[in-house]
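Heads up, the thing below is written out as structure tokens.
In the working numbering, the protein residues as written are 4 to 268.
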């Protein structure tokens with residue numbers, strides 16, 4: 004018989020799993036990745052148990068979140084996390100204010116994962132920019148080097164595009180829409196998560212439909228005039244796009260789940 008967790012239990016376990024992922028970062032990337040994905044699987048399984056596939060508008064709430072800076076890449080990251088964890092984000096035209104809709108626990112998980120991934124991503128730009136600048140040492144003065152601020156923005160943009168892509172791949176996998184091989188590292192993380200295996204794909208697909216409907220109904224009540232928002236963006240072309248490709252490659256190594264092999268885009 005499967006254990007039924009309280010809201011407090013589930014959040015405590017999720018935080019423990021993400022902490023384990025952080026502890027193994029740089030020591031054993033496979034174990035770190037396994038812990039991170041189990042946090043997401045645990046949330047998925049808990050949603051199936053608690054909602055019993057009958058979530059309604061009354062189960063959905065929202066929180067307001069103000070970004071510390073008007074960086075589009077951070078907005079894209081939170082949006083990707085919400086879309087792959089039973090939540091939805093809407094934002095103001097000012098750009099620094101957003102609202103996350105979902106059940107209380109799912110919202111808390113999204114924000115926990117958002118801050119965790121920010122901590123993983125933020126330190127990556129500086130060493131990569133140093134490598135970029137070193138390539139131009141000794142070259143003529145007229146060879147243009149992109150300023151650090153522009154390069155960093157492009158780098159972070161590429162990084163969160165890749166992280167978002169991987170989150171969506173994992174979300175599809177959980178619904179049985181994409182194949183992914185189980186590894187031996189999963190077993191160790193399972194013990195921490197209290198999971199026997201990943202959630203049933205058919206129940207996951209049904210849960211996605213039910214949760215999306217409940218969130219849209221709540222959103223229509225709170226913001227009746229809001230329209231679908233496109234959060235996709237790209238840096239400028241040419242030399243001003245420098246750093247984007249490096250960010251894409253760095254995004255492959257960010258610990259969110261098992262590394263996905265495939266085309267980088």
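Cβ coordinates follow ideal geometry from the N, Cα and C atoms, glycine included.
Residue 89 sits in coil when the DSSP states are folded into three classes, being neither helix nor strand. Within the DSSP secondary-structure output, residue 105 pairs in a beta bridge with 64.
Within the same chain, and ignoring the five residues on either side of residue 21 in sequence, the residues whose Cβ sits closer than 8 Å to its Cβ are 38, 39, 42, 115, 116 and 119. With contacts defined by Cβ atoms closer than 8 Å, residue 113 and residue 88 form a contacting pair. Residue 64 is positioned such that its CB atom lies no closer than 8 Å to that of residue 163. Residue 100 is bridged by DSSP to 69. In this chain, the alpha helix (DSSP H) harbouring residue 130 covers 128–137. Contact between the stretch 151–159 and the stretch 123–136 is present: 3 or more CB-CB pairs across the two stretches fall below 8 Å. The residue from 81, 149 and 211 with its alpha-carbon nearest to that of residue 166 is 81. Burial is judged here by how many other beta carbons sit within 10 angstroms of a residue's own beta carbon; residue 95 has fewer than 16 and is exposed. In terms of Cβ geometry, residue 66 and residue 17 do not form a close pair [threshold 8 Å]. Rounded to whole angstroms, the separation of the alpha carbons of residue 137 and residue 101 is 38 Å. A straight line joining the alpha-carbon of residue 19 with that of residue 259 spans about 14 Å. DSSP lists no bridge partner for residue 154. Contact between residue 149 and residue 217 does not hold, since their C-beta atoms are separated by about 45 Å, which reaches or exceeds 8 Å.
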